Each structure stands twice: as C-alpha cells, then as structure tokens.
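Below is one structure, written out as structure tokens, with a few remarks after it.
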Amino acid sequence: MSSKLTNAQIAWRAAQDIEDGAYVNLGIGFPEMVAKFQPPGRQAIFHTENGVLNFGEAPAAGEEDWDLINAGKKAITLRPGASFFHHADSFAMVRGGHLDVAILGTYEVAQNGDLANWSTGPKGVPAVGGAMDLVHGAKRVAVITDHVTKDGKPKLVERCNLPLTGVGCVTRIYTSLAVIDVENARFVLREKLPSMSVDELQAVTGAKLVLPDTIADLVAPEL
Amino acid sequence: MDKTVPNLATAVAGIEDGMTVMIGGFGGSGAPIELIHALVDRFKATGSPRNLTLVNNNAGNGRVGLAAMIDAGMVAKMICSFPRSADPRAFTEKYLAGEIGLEIVPQGTLAERIRAGGAGIPAFYTPASYGTDVAKGKPVAEFDGKHYVQERWLKADAALIKAELADELGNLTYRKAARNFSPLMAAAAQVTIVQATSIVQPGEIDPEHVVTPGIFVDRVVAVPDAKQEEALMREGVAYA
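Top to bottom, those sequences are chains A and B. Using our numbering, count along the first sequence one by one with no gaps and you end on 798. Using our numbering, count along the second sequence one by one with no gaps and you end on 1345.
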C-alpha cells in the first residue's frame, strides 16, 4: 500500500479550492486546520456559528479573551473588518445560502452525498451542535477525512450505517488518498495519489468509483 | 421608568419550581454567572426553584454556573444543541443515571425556535435535520422541490442574560461574541432578567449601538465585576 497524505496535507489540498474573498465555515477540530493553508494572495473570510465573521488565528497563550471564541470554544482574534451578530443571524448566513464553502469532518459519507458525522450510535450523550444546519445552504459542502477508519474500513460507502447528519448534502470529499466529487449520486474520482493504482483505491472505497477521462495526480507539499 | 433592581436576589425573584428558563451564553461566553449563582443560593436556602427546564446551547462546564445548577439538583431537563464541554461531568453523570431529561436541538434550529418564540411565529420550516433521527415525528413539507422539517417556537417563563452596557430602560449592548443567543432569548421570555457590567442613564447608549431594545427587558441589575465562566472553570472553581 502506498503512503498517504497527512492531515495537514489533506487540509492544504482543501484550502487550494477556496477562492479569495470566499465566506467559509470550518467545522470543529480537524477542519479548522484548513485556515492555516490559504494560498498566498488569497484571504477567505471565516464564519463561526456563535456569531463572528472574519476571525483570525488563536491569540498567544495568556492573551485569551474568553468572550471571543469560536464554535469549538477556542479563543480567537479578530481581523480588520470583523463583525459580531446574534445566533439567528448567524444561522441565516448558514441556511440562507450566504456561505461559499463549509468544510466538515465525517465518520461516513455515502455516494449520494449523505453525511454521517454527529453520532456513532446510541451510547453516551448525544450532541449535534450546528452540524445539521451547516450541511444545508453553503454553496459547496466539502468533507475532509482519512480515506478509511482506524481499523481500515471504508469511510466512503454506498449507504451510511451511522445516524445521518444530512441527506444528499456533500459535494466534494478530500481524503488521504484522493479527491472525489459527488455527482448524480455517484463518487467521481478527480485526483488520486500518483503512487496508487485505481484498483488499489477502489479496494479501500466502499462504493464504485466513476472514472472520468482525466484523473489528476494528488500531490501536496511536505508540511 | 427605571428597570434597575438593587441586588441579584431581587433580580431572580419569581423564578419558581417547574418553570422554563432560558440562559444566554455559548460555553462561557455570555454566561450570566452571577444571576445563575443567585438562583443556586436561593435553592440552597429554601429548596426552590427546582424541577426547572433550562434552555442553553450547552449543558454546563466544570462546577460553576449552569453546571452548578445541575449539580445542586435544580434541573429536570435541558433543551440544548451540544451537552458536551471540557468538563461535562455534572450533566453527563445525571443523564447517564436517568436523572435529567434532554431534548437535543440542532443549533440553528434552537436559535430560530427561540427567535420565533419572541416574534410570535408558532412554527416554521427548516432544511436542518431532514432525513435524520432528529426529524422523527415532525411534519415535513416540500417547497420548490426541497424537503423541510416543521419546528415549533420556544418560549420561556424567564431569561437570564449577561450584557455589557444597560440603561435604566433596559436597552442593551453585549461584549464581543458574548451576544450569541441572548438577544433572541430576551424577546422569548415572559420575564427577561439582565446582569450588566455597567448601568448608564437613558441616552448614554447611542441608539445606533443598541443591540437589544429595552422593550424586551424587564429587570436590570449591575454586576460590575462579573466573572467569566471559562476563566472560573480554568481556575478550578467549584460553586458549592
């Protein structure tokens, strides 16, 4: 089996598709890393559910203002031109189609675009946060993920087994092995690691990959 | 008209057993710690209020604020989107023991239900949760070829709000991201109770800068040295 992209490299690849000036929501955790890899000359405007547009990096340790946090409850800073707003306006931005991109993590994503990223089953305390809202309204809903689970099972599947976050919502998937679009309820392979054959990739993917005439190499810098 | 009250105990008077109380804040940002602790104090002295239903984005962190209410045994049910935090033990222990109820609401739906409650809109349709377990039992309708889930308004007997500036008429501003749910909750409660870092005379807040107009506010109490929940949690403070 070929080597795979690191999480930072997956985040870097996703960042390459974000246009200058795009309004972007990054999910809690791994997706937050995408902000680090904006291409030179481009600046996205980041939205967080709890009512801030145009926030920047984390402050230095000891400089935190705990009234100024993101949806992950982490301390943030503001960029010039930032704004505050209440939660109903914040989710109007989400559901109302005003965000250009939402990038989320996932447990499973199905070939029809169904996403399961909020619950691993009935055990423990359920918690959904803004996930079910975020998958609706953004012009592109992308997922970044390892291609397989820790036990090597496909995370890209024909149908999700875990509880759904949203139906038919994902448009693009960036994985540790490939970039895949969801089109007409099929996985369309756009990029793959050059060291990996299509058969090898298909073997770790839980649904049939559609192969267009051109499949680009997925190449990321050392990060 | 002067909506200011002299102290925290007076501010939270009238919140009684079985009521639904909205509490502003997102995590520690905007949490009205002193109002909450005034309710905890009354419960410890009198055994009331208890059996409360609380509405908040979260379900408490550490051993202060909302978590201290749960620890004290005042809370029968949480309506929230994300009952997890850095230290969620107060809620988690009671939930897993079957001692506290939970209604999970997607965050944007929670915000819009509260907004609708304050705006006199009994129900609305949202794309959020369509096709998921959260939508089970709720009416679904199709608009322009897409499916939406019907959600109902959410109202409360009281709301506890933390503001930065208040004037005597109840006009409010908030500090940074501490605004979050508070303007919505202020409108959705029968009695809206505000702790403000500073109380000023009418006219001292520029009308252009008022975030919550005073019509939505009933009582204002000054808490000039208000604590921040996240800071307390990081210091390991327990309100007992």
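We put the beta carbon where it would ideally sit given N, CA and C, even for glycine. Since the structure is predicted, the reported quantities are computational estimates derived from the model, not experimental observations.
In this structure, the beta-carbon distance from Ser751/A to Ile585/A falls below 7 Å. Here Ile1320/B is exposed, its C-beta having fewer than 16 other C-beta atoms within 10 Å. Looking at the backbone, the Cα of Gln1212/B and that of Ala706/A are separated by about 8 Å.
When CB distances to chain A are screened at a threshold of 7 Å, the residues of the stretch 1238 to 1266 of chain B falling below it are Asp1238 and Val1239, in chain order. Bridge pairing for Asn600/A: His622/A and Ala677/A [DSSP]. Contacts between Glu1198/B and chain A, judged by CB atoms closer than 8 Å, are missing: the closest CB pair is about 10 Å apart. Taking the beta carbon of Val742/A as reference, the chain B residues within 9 Å of it are Tyr1235, Gly1236, Thr1237 and His1252, listed in sequence order. Annotation: Lys579/A to Asp792/A spans about 13 Å, alpha carbon to alpha carbon. At a cut-off of 7 Å, the C-beta of Ile644/A has a neighbouring C-beta in chain B.
Excluding five sequence positions before and after Gly712/A, the CB atoms of its chain that fall closer than 7 Å to its own CB belong to Val669, Arg670, Gly671, Gly672 and Leu674, given in chain order. Taking a Cβ-Cβ threshold of 8 Å, the residues of chain B close to Ala702/A are Ser1186, Phe1187, Pro1188, Arg1189 and Ile1209, in chain order. Ala633/A and Arg654/A have their C-alpha atoms spaced approximately 11 Å apart. Sequence-ordered contacts of the stretch 1128 to 1144 of chain B with chain A read Phe1131, Gly1132, Gly1133, Ser1134 and Gly1135 [C-beta pairs closer than 8 Å].
DSSP, read as helix, strand or coil, puts Pro606/A in helix.
Residue contact check for Asn625/A against chain B: a CB pair falls below 7 Å. For secondary structure counted as the beta strand (DSSP E) over 3 or more consecutive residues, the stretch 714 to 790 of chain A holds these complete runs in sequence order: 715 to 720, 747 to 750, 753 to 758 and 761 to 767. Identification of chain A residues near Thr1297/B by a Cβ-Cβ cut-off of 8 Å yields none; the smallest Cβ-Cβ distance measures about 14 Å. Cβ neighbours of Met608/A within its own chain (closer than 7 Å, five residues either side excluded): Asn582, Ala583 and Ala586. Interface annotation, Gly604/A: not in contact with chain B, CB-CB separation never under 7 Å.
Only residues of its own chain outside the window of five on either side were considered, and among them Gly1129 have a CB closer than 6 Å to the CB of Phe1286/B, listed in chain order.
By the neighbour-count definition (other C-beta atoms within 10 Å, threshold 16), Arg1257/B is an exposed residue. Beta-bridge partners assigned by DSSP to Ser1303/B: Leu1270/B. Here the alpha carbon of Glu1335/B sits roughly 20 Å from the alpha carbon of Val1299/B. If you check each beta-carbon in the stretch 696 to 730 of chain A against every beta-carbon of chain B, the ones closer than 9 Å belong to Gly699, Val700, Pro701, Ala702, Val703, Gly704, Gly705, Ala706, Met707, Asp708, Leu709, Val710, His711 and Gly712. The stretch 1220 to 1233 of chain B makes no contact with the stretch 726 to 733 of chain A, as fewer than three CB pairs between them are under 8 Å.
Within 10 angstroms of the beta-carbon of Ala1191/B lie fewer than 16 other beta-carbons, which makes it exposed. Under DSSP, the beta-bridge partners assigned to Ser658/A are Leu628/A. Membership of Ala1327/B in the beta strand (DSSP E) is indicated by the continuous run Arg1324 to Ala1327. The beta carbon of Gln1333/B falls within 7 Å of a beta carbon belonging to chain A, placing the residue at that interface.
Just so you know, the alpha carbons of Val1296/B and Phe659/A end up roughly 25 Å apart.
Nearest to Thr1197/B by alpha-carbon distance, out of Val627/A, Leu690/A, Trp693/A and Ala702/A, is Ala702/A. Exclusion of the five residues before and after Ala717/A leaves Ala589, Asp592, Val676, Ala677, Ile678, Leu679, Val745, Thr746, Arg747, Ile748 and Tyr749 as the residues of its chain whose Cβ lies within less than 8 Å of its Cβ.
Membership of Ala1228/B in any alpha helix (DSSP H) is not indicated; the residue belongs instead to the beta strand (DSSP E) covering Ala1228 to Thr1231. The C-alpha of Met1127/B lies about 44 Å from the C-alpha of Gly727/A.
The stretch 1164 to 1245 of chain B contains, as complete beta strand (DSSP E) runs of 3+ residues, the segments 1180 to 1185, 1206 to 1209 and 1228 to 1231 (chain order).
Tyr1253/B and Ala1263/B have their C-alpha atoms spaced approximately 30 Å apart.
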